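In the numbering used here, the protein residues as written are 28 to 1271. Backbone N, C-alpha and C define an ideal beta-carbon position, used for all residues, glycine too. This structure is a prediction, so every number in the text was calculated from the model and none was measured. Scroll down for the structure; my scribbles are underneath it.
Shown next, in the form of structure tokens:
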């Protein structure tokens, strides 16, 4: 036996590596099933919801699942309301048409694949229960003041047990104290009762946590009376018999209400919670204390509850067994109780559950199932769910109590082993597989992972790997000069590299190498050691007057690569949501301080790796009277410090100076670059006056010095002392030159120019430019040249006017700038090679002609087209007396025009013209000369007019021909008027006399301006041959001094009708051409237009025969109608009202009927017959719209109740004195002839 034990010990030493590491097999490799998730052993379900029993497992291939219930196969195929989730063993039971209690039982899940079978633990499924309280009638409890009292609760047994609490009718918890408290079983204990305990709503509630339901016991009534009150009460109900005859209750020493007896015992399981209680009665109320007789109470696991009446110890261990004493004491004495506690233990793992075992063929290993318990548990092994003694024999496997030893395993020995450890208090079931594999190493940790750690802290670099046999892990740094082993490095069994007290020198690249007999694998990770976060300037204790401001500073230094987050707390809680509290990056400002702001303020600076904290207290005091406020310039800021120093930025912090009663509005940050502009300070940025820090963006290759100025309502402070110099490292340029252009100065060159970079834009020494060019549209490489200290470069030997692509890139000693954008330019221009073709002239009028031509092809322009120039000149006049030659005139048309107009020509003349195209270099050759003739035009005025002979009745006139004949003279028109009379000659028309006004110059672009009288105005017609402009017709009265011209826009037409002119008035009309600014540039000659007068034919309509006849016919017709109406009214005769009144003069013979409010005499049927010639409604009333003889229609009024002789006519009007008539008062009396005639006379 001893020899076998030695053998086992030797084998265990051989497989120690397998016991200390638990390898995770990648899911792409074959492996037996592993249970990954299962429902708890004691599974209580809600009967209102579907039952879900979890069972999840992994394996390769994916496992299949089956279930047992109460030890027998659970066939879910036979149960339509039970199904299993796909690729899972989880059961789902639909209880919508079932009761949950039908599915109570003990369930176990099995997961199997080709390599083994895994079992879940037993899951006891029970539905939760929350039964109702049993019906009972609780009598009122009458007790004497000072005696103890117990109110029982006795809740119904539920699953799980309910939570008990006592409340009143208003759902308020009943107050508890040392005198009144609730026991562990839910009863309410009174050590002694008081009169104040009397109430009728002691209610015990039971809350069932699983279903979240609450059950209520019937209320209990308690009446606490003194002895006299009790006797009086009982005498009334029990024939004067006293209920209590002893003396009134006096003070007494304590006695225990629970537990009872001198000693008690209690058993608790290891790991559970031990609760013991002692409740004593007495007067005064006793105090409870606890001690352990055989040792000390475990302070970290012990809690006293319910006013020290309950002792609770969590996570009980065997050491907690023993005797516990509770002591109850008051002024009259004490009493104690001994409770014996025994600790039992359900099975528990000593060194963890068995681990999966991965072995290579030929290797040795062991599965260990080491557990303990009280009493000692039994250990049973199974393989693939079958007891191991019933499993197939395997020579490589041997069971030795809690260990299975494997020697020289071979492929095919893979299986899942179950270890079941149990005693009377519970069991443990664990699956562990043995997987026989041959696999080369693989590193499972992600590649190139970056680990960050704070300086002087521990660093852990992972190297999780897998292989079979288990690979060996080695670590290297950077160049792999040597393996990392020994202080400060430590390699853990799982491959993790630990570095104690990381330092900056530990930054770098680390290589993890995993190696076994089948291969090698490696992975690279990186370590970055960061500077710790430290609060440089902590907030200070502040005493601030009420209404003033308090500022807590918290300036922090941290690693520049970490992002900090500042958090402030007040009294270890979040800051109040108050706009008066302003949190800045390094300060907390509280404005208008109040008493509620007093407290401890804590600054917490967090980064992703560490944090630092500091606190200060604020005390608020009463404000004191202050002298008159004096406002001054602020003091300059101090303590400038640079933090978070990066290549392109830095953080500047400062301390504000005294603001001198005027709040600082802003801070201005200035800088000096001593490398490029020494002695010159430039504004960099501005920040709010509430801030004391600024994040500054910087340029490379500069020597920065900073200073800060403060601005308040008075003005700007003096500059702060400058900060220390901060030098930014040079680097390649960030930008390239701007305004890149290409042009030519000669026909065979290209000048490339650009705006050079400034010194600070250069980013380093050795600024130069790479100039690149190539022909546009030609697949060729860029031609490049490098130049320095210039802003242009001339490329010679280029083709004339060719388009080039251009690039200019900035470079320095540290590299090249970004890829430059492509610009475009042209090489030099030369004179155009061709003249415009197809030139022809179209004469428009005697003073204007239009010239047309074809554009010169672009390839012959040899430059940028600037336009065309038309050269034209007058060769001679077509009149035989005029032969002079005029100078050439030039008309320039910019851009790509192919036509234009030649203005200002002389009528009746011969002209010549040619056209040249021009570019930036000059003009091209002329086109062939074209000649054209202008037609005759209006001649000029005679050059002279003299009177040679004058008689009494005659004059002799002589004149010379006009200088500008503009054609053949065919005659002269002589116009005259007498000088001493206003009567014009009948055959002579005087010249119009125009008022003096300033007008635009007369233009020859308007021709053939004429007028014609139209139906709705005067039509003006014209011809316009000038450039495209806005055309207006303007007009005004002839002799109206100072009157503005009326303007009408007439674009797009050659005629317009002027409307609204006054008849018989003469108007001046002209046409005006304006440019876009609406300033009149030119106008036509003024045209005199006379609007003819319209003869007035005002005829008096009253004298017209047709009108008189019409009126007579209308009057005759009206008269006939009135006569007919009058005759119809008189056909009824005279009504005999008076006779009826005389026959019945006695009122007794005229009784009134109550039912219809009429007199009996007149209610006879005969009297109610319709009157002759009138229409009466069937109800006997005469309405106004139905009566043709209403007096109202004839002006007599509608309110009359008597006729002309005073007789009553109500019976004929159909109206009664006691009846409302919505149509108004009416009368059926026939009108008299007199009234009828009066009405007729009134109408006529």
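Would DSSP call residue i helix, strand or coil?
| i | result |
| --- | --- |
| residue 340 | strand |
| residue 275 | The pLDDT assigned to residue 275 is 48, lower than 50, so where the model puts this residue is not dependable; a value taken from the coordinates is nonetheless given after this. Looking at residue 275 - three-state DSSP - the assignment turns out to be coil, as it is neither helix nor strand. |
| residue 196 | coil |
| residue 936 | strand |
| residue 763 | coil |
| residue 1146 | helix |
| residue 827 | coil |
| residue 558 | coil |
| residue 533 | helix |
| residue 526 | strand |
| residue 1065 | coil |
| residue 1119 | coil |
| residue 129 | helix |
| residue 857 | coil |
| residue 314 | strand |
| residue 231 | strand |
Who are residue i's beta bridge partners in DSSP?
| i | result |
| --- | --- |
| residue 139 | 91, 144 |
| residue 1109 | 1100 |
| residue 292 | 367 |
| residue 425 | 432 |
| residue 982 | 977 |
| residue 333 | Paired residues: none, contrary to the question. |
Taking the alpha-carbon of residue i as reference, which of the options has the nearest alpha-carbon?
| i | options | result |
| --- | --- | --- |
| residue 903 | 873, 514, 936, 895 | 936 |
| residue 396 | 62, 124, 449 | 449 |
| residue 1053 | 1153, 962, 874, 822 | 874 |
| residue 1076 | 1084, 511, 969 | 1084 |
| residue 297 | 344, 599, 279 | 344 |
| residue 454 | 200, 380, 1142 | 380 |
| residue 651 | 959, 575, 180 | 575 |
| residue 1044 | 1119, 110, 490 | 1119 |
| residue 1033 | 1042, 1040, 1048, 1039 | 1048 |
Determine, using beta carbons only, whether residue i and residue j come nearer to each other than 7 Å.
| i | j | result |
| --- | --- | --- |
| residue 86 | residue 107 | no |
| residue 813 | residue 800 | no |
| residue 833 | residue 883 | no |
| residue 545 | residue 467 | yes |
| residue 525 | residue 536 | no |
| residue 386 | residue 394 | no |
| residue 80 | residue 130 | no |
| residue 854 | residue 885 | no |
| residue 6 | residue 553 | What the structure shows of the chain is the stretch from 28 to 1271, and residue 6 is not part of that stretch, so it cannot be assessed. |
| residue 482 | residue 556 | yes |
| residue 727 | residue 790 | yes |
| residue 821 | residue 942 | no |
| residue 779 | residue 769 | yes |
| residue 826 | residue 954 | no |
| residue 127 | residue 154 | yes |
With a threshold of 6 Å (Cβ to nearest heavy atom), would residue i be considered close to the ligand FAD?
| i | result |
| --- | --- |
| residue 419 | Ligands are entirely absent from the displayed structure, and the ligand FAD is therefore not among its contents. |
**OP:** Report yes or no: do the region 418-430 and the region 470-478 share at least 3 C-beta pairs separated by less than 8 Å?
**Re:** Under the Cβ criterion (8 Å, minimum of three pairs), the region 418-430 does not count as touching the region 470-478.
ask   = Are at least three pairs of beta-carbons, each pair with one atom in the region 191-208 and one in the region 230-241, less than 8 Å apart?
value = Short answer: they touch.
Practice problem: Specify whether the region 559-572 and the region 489-500 touch according to this definition: at least 3 beta carbon pairs, one from each stretch, less than 8 Å apart. | Solution: Too few Cβ pairs lie closer than 8 Å, so no.
Under 8 Å: do the region 742-756 and the region 665-684 share three or more Cβ pairs, one atom per stretch? By the criterion of at least three beta-carbon pairs nearer than 8 Å, the region 742-756 is in contact with the region 665-684.
Would you be able to state if there are at least three C-beta pairs under 8 Å between the region 917-931 and the region 891-902? Enough Cβ pairs lie closer than 8 Å, so yes.
| query | Does the pairing of the region 322-335 with the region 366-373 give three or more beta-carbon distances under 8 Å? | reply | Counting Cβ pairs under 8 Å, fewer than three are found: no touch.
Validate contact between the region 708-725 and the region 831-846 using beta carbons, cut 8 Å, 3 pairs
No: fewer than three Cβ pairs fall under 8 Å.
Taking 8 Å as the threshold, find out whether the region 705-714 comes into contact with the region 654-667 through three or more Cβ pairs. Touching, no.
- [ ] Taking 8 Å as the threshold, find out whether the region 195-209 comes into contact with the region 157-171 through three or more Cβ pairs.
- [x] Contact check between the region 195-209 and the region 157-171: fewer than three CB pairs, one atom from each, fall below 8 Å, which does not count as touching.
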